[in-house]
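Single-structure report; data block below.
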Amino acid sequence: MSEPHYGIWAPVGGNCGPLNAPDEPIDTSYERTRSLVLKAERLGYVATLVAQHLFNQIRN
Numbered sequence: 388m389s390e391p392h393y394g395i396w397a398p399v400g401g402n403c404g405p406l407n408a409p410d411e412p413i414d415t416s417y418e419r420t421r422s423l424v425l426k427a428e429r430l431g432y433v434a435t436l437v438a439q440h441l442f443n444q445i446r447n
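Sequential numbering from 388 applies to the sequence shown in our numbering.
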């Protein structure tokens, strides 16, 4: 039996993480996304998922 493979969701505009975790910054910049993806690779994650639709946009 093979081991499971794990992936991460890349932050996109309107990410809802900050809404559920106040300490999580609302930052979807290239630099932060690249940093998170590289860290995930070092930790053994093998896939990066990107939301196709931005249905969770933050509204003022």
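For every residue, glycine included, the Cβ atom is placed at its ideal position computed from N, Cα and C.
These numbers come from a predicted model, not from an experiment.
The alpha helix (DSSP H) enclosing residue i, as first and last residue numbers
| i | result |
| --- | --- |
| Thr420 | 417-430 |
Straight-line gap, residue i to residue j (C-alpha atoms, nearest Å)
| i | j | result |
| --- | --- | --- |
| Gly394 | Asp410 | 22 Å |
| Thr435 | Ile413 | 19 Å |
| Ser422 | Ser389 | 28 Å |
| Thr513 | Gly431 | Residue 513 cannot be examined here, being either before or after the span of the chain that is shown, 388 to 447. |
CB of residue i within 9 Å of CB of residue j, strictly
| i | j | result |
| --- | --- | --- |
| Pro398 | Arg419 | yes |
| Val424 | His392 | no |
Terminal residues of the beta strand (DSSP E) in which residue i lies
| i | result |
| --- | --- |
| Ala434 | 434-436 |
| Ile395 | 394-396 |
Selected residue, minimal CA-CA separation from residue i, among the options
| i | options | result |
| --- | --- | --- |
| Ala427 | Ser389, Met388, Trp396 | Trp396 |
Same chain, Cβ closer than 6 Å to residue i, five either side skipped, listed in chain order
| i | result |
| --- | --- |
| Ala438 | Val399 |
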